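Counting in my numbering, the sequence shown runs from 39 upward without gaps.
Backbone N, C-alpha and C fix where the C-beta goes; we use that ideal spot for every residue, glycine too.
The model shown is predicted, which means the values in this text are computed figures rather than measured ones.
Remarks on the structure that follows.
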Amino acid sequence: MTLPRCTIFTRVANFCRKVLSREESEAEQAVARPQVTVIPREQHAISRKDISENALKVMYRLNKAGYEAWLVGGGVRDLLLGKKPKDFDVTTNATPEQVRKLFRNCRLVGRRFRLAHVMFGPEIIEVATFRGHHEGNVSDRTTSQRGQNGMLLRDNIFGSIEEDAQRRDFTINSLYYSVADFTVRDYVGGMKDLKDGVIRLIGNPETRYREDPVRMLRAVRFAAKLGMRISPETAEPIPRLATLLNDIPPARLFEESLKLLQAGYGYETYKLLCEYHLFQPLFPTITRYFTENGDSPMERIIEQVLKNTDTRIHNDMRVNPAFLFAAMFWYPLLETAQKIAQESGLTYHDAFALAMNDVLDEACRSLAIPKRLTTLTRDIWQLQLRMSR
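Below, the structure is given as structure tokens:
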């Protein structure tokens, strides 16, 4: 069968277009490929004795199997700052399935970001495959998917360490340590920003915030935690993009709220959240009682609650999230109960019971506070009501 000449021409044209497009893409990537700075062992402070034995085991086994393995993220950042990391993350060119074959104590987690968790009793070493760039013509929705607002709904495109460095959030979190030669690799100027005390987003800030609005919260959290400043270009879009947090699942925002307010630097974090208009999407019930001059009873209560919480944490005392939420929402509860009592004619006790429901229901719409905590919060409020009598 002979194809019509127009059909042959169309196929040849399409083939040429694809080849040229691929060549242009490869050329652009070659030009954009970041220059790596390799910091030898004698020029940095990271020592294997400060790294979890289990993280070392994971990296050694990956290397032995022929894969790359790097310590990355907050663990490297904190070691370079002379701090003790809370956890250790590993990145590799092995796929999650290949990692699972190497470790019997491994399970794969996550749909949005496919990860391998290698479990050693209570300690979990998170192993992530190098992330790759998102090509404009990628149509496989099982590996990459964006929402209409630019948010990454799925990100399982794998790539090289150079691409992975560009896909991370902040420069100070994009430093790679190798147990093969004990060097630190820096593709994005993270060492300089770490030295200068700067929180800087990698790539176009607005695009990266739209991909994952929680990055705005992370910028504030790292600034407060590490005593650093947010670079102007990283800070500028935050106030006008703050409402993007409304698109984040409330369960995820609840987890983020604990990292923000229950890590020992809650008051400093709170001030930055307010400065960048990020507190309102998290706690709309509370900000309703704020005033422009910042001296409302609600704001004074929040300040005292967070300062007391920070003090307890610095003194190695436990802080149950229910006590934190009970204190933070106490003023809105009293105001709501008073309003219900006045408008309905109910006794204050009955109005108080209804107000607890209203305040917690509204709070859970932005933060999915688990039932175990809302139950304890109610108990604390009821006890406080009895004591105040």
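Classification of residue i by the beta-carbon crowding that lies within 10 angstroms, buried from 16 upward
{"i": "Q73", "result": "exposed"}
{"i": "P461", "result": "Residue 461 falls outside the range modelled here, since the chain spans only 39 to 427, and no answer is possible."}
{"i": "H171", "result": "buried"}
{"i": "M254", "result": "buried"}
{"i": "G383", "result": "exposed"}
{"i": "G265", "result": "exposed"}
{"i": "R238", "result": "buried"}
{"i": "A83", "result": "exposed"}
{"i": "L117", "result": "buried"}
{"i": "S404", "result": "buried"}
{"i": "Y314", "result": "buried"}
{"i": "Q342", "result": "exposed"}
{"i": "E62", "result": "Confidence at E62 is low in this model, with a pLDDT of 47, below 50, so its placement is unreliable and the value that follows should be read with caution. Counting Cβ neighbours within 10 Å, E62 comes out exposed, since fewer than 16 surround it."}
{"i": "L146", "result": "exposed"}
{"i": "R326", "result": "exposed"}
{"i": "M425", "result": "exposed"}
{"i": "E381", "result": "exposed"}
{"i": "Q204", "result": "buried"}
{"i": "E330", "result": "exposed"}
{"i": "D399", "result": "exposed"}
{"i": "E249", "result": "buried"}
{"i": "E135", "result": "exposed"}
Whole-number beta carbon distance between residue j and residue i, since they are thought to touch under 8 Å
{"i": "I210", "j": "P251", "result": "That belief does not hold up - the Cβ atoms of I210 and P251 are roughly 20 Å apart, past 8 Å."}
{"i": "V222", "j": "I240", "result": "Going by Cβ atoms, the distance from V222 to I240 rounds to 17 Å, so no, they are not a contact pair."}
{"i": "L316", "j": "A273", "result": "L316 to A273, Cβ: 11 Å. No contact."}
{"i": "R259", "j": "T307", "result": "6 Å"}
{"i": "T130", "j": "V137", "result": "7 Å"}
{"i": "P270", "j": "E244", "result": "With a Cβ gap of about 14 Å, P270 and E244 do not count as contacting."}
{"i": "D202", "j": "R256", "result": "With 8 Å as the limit, D202 and R256 do not qualify as a contact, their Cβ atoms being about 18 Å apart."}
{"i": "S90", "j": "E161", "result": "7 Å"}
{"i": "L282", "j": "P359", "result": "Between P359 and L282 the Cβ distance is about 25 Å, and since that is not below 8 Å, they are no contact."}
Local conformation of residue i per DSSP, three classes
{"i": "T329", "result": "coil"}
{"i": "R150", "result": "coil"}
{"i": "A360", "result": "helix"}
{"i": "T221", "result": "coil"}
{"i": "S292", "result": "In the sequence on display, residue 292 carries Phe and not Ser. Residue state, collapsed to three classes: helix."}
{"i": "L316", "result": "coil"}
{"i": "H155", "result": "strand"}
{"i": "I162", "result": "strand"}
{"i": "D207", "result": "coil"}
{"i": "T385", "result": "coil"}
{"i": "D354", "result": "coil"}
{"i": "D231", "result": "helix"}
{"i": "F196", "result": "strand"}
{"i": "R142", "result": "coil"}
{"i": "A301", "result": "coil"}
{"i": "L100", "result": "helix"}
{"i": "E271", "result": "helix"}
{"i": "R391", "result": "According to the sequence as given, residue 391 is Ala; it is not Arg. Three-state DSSP puts A391 in a helix."}
{"i": "L311", "result": "helix"}
{"i": "Y105", "result": "coil"}
{"i": "I89", "result": "coil"}
{"i": "R169", "result": "strand"}
{"i": "L119", "result": "coil"}
{"i": "D127", "result": "strand"}
{"i": "T75", "result": "strand"}
{"i": "I237", "result": "strand"}
Beta-carbon proximity list for residue i, same chain, < 7 Å, skipping 5 on both sides
{"i": "I77", "result": "T221, V222, D224, M229"}
{"i": "A68", "result": "With a pLDDT of 40 at A68, under the threshold of 50, the modelled position of that residue is not reliable, and the figure given next carries that caveat. Within the same chain, A68 has no close Cβ partners at all."}
{"i": "L344", "result": "L299, G304, Y305, Y308"}
{"i": "T133", "result": "T167, F196"}
{"i": "M394", "result": "L371, R416, W419"}
{"i": "A218", "result": "N101"}
{"i": "M103", "result": "It is Ala, not Met, that sits at residue 103 in the sequence shown. Contacts found: L140."}
{"i": "V397", "result": "T323, F367, P370, L371, T374"}
{"i": "R79", "result": "F220, T221"}
Close-in-space but distant-in-sequence residues of the same chain around residue i (CB under 6 Å, 5 per side omitted)
{"i": "D207", "result": "R253"}
{"i": "V114", "result": "L213, Y215"}
{"i": "D231", "result": "T209, I210, R238"}
{"i": "M157", "result": "N143"}
{"i": "E106", "result": "T130, N131"}
Sequence-distant residues of the same chain with beta carbon closer than 8 Å to residue i, five excluded per side
{"i": "Q422", "result": "A364, W368"}
{"i": "L119", "result": "L232, L264"}
{"i": "R290", "result": "V252"}
{"i": "G174", "result": "In this predicted model, G174 has a pLDDT of only 49, less than 50, meaning its place in the structure is not dependable; the value taken from the coordinates is given anyway. Nothing listed; no residue qualifies."}
{"i": "P288", "result": "C402, R403, S404, L405, A406"}
May I ask you to verify whether the stretch 144-158 touches the stretch 210-220, counting CB pairs closer than 8 Å and requiring at least 3? Contact fails: fewer than three Cβ-Cβ distances are below 8 Å.
Looking at C-beta atoms only, is the number of pairs between the stretch 362-377 and the stretch 385-398 that lie closer than 8 Å three or more? Because the criterion of three Cβ pairs below 8 Å is met, the stretch 362-377 and the stretch 385-398 touch.
If you pair each beta-carbon of the stretch 325-342 with each one of the stretch 291-299, do three or more pairs fall below 8 Å? For the pair of segments examined, the stretch 325-342 was found not to touch the stretch 291-299: the number of CB pairs separated by less than 8 Å stays below three.
How do the stretch 318-328 and the stretch 345-363 stand: do at least 3 beta-carbon pairs fall below 8 Å, yes or no? Contact between the stretch 318-328 and the stretch 345-363 is absent: fewer than three C-beta pairs spanning the two stretches fall below 8 Å.
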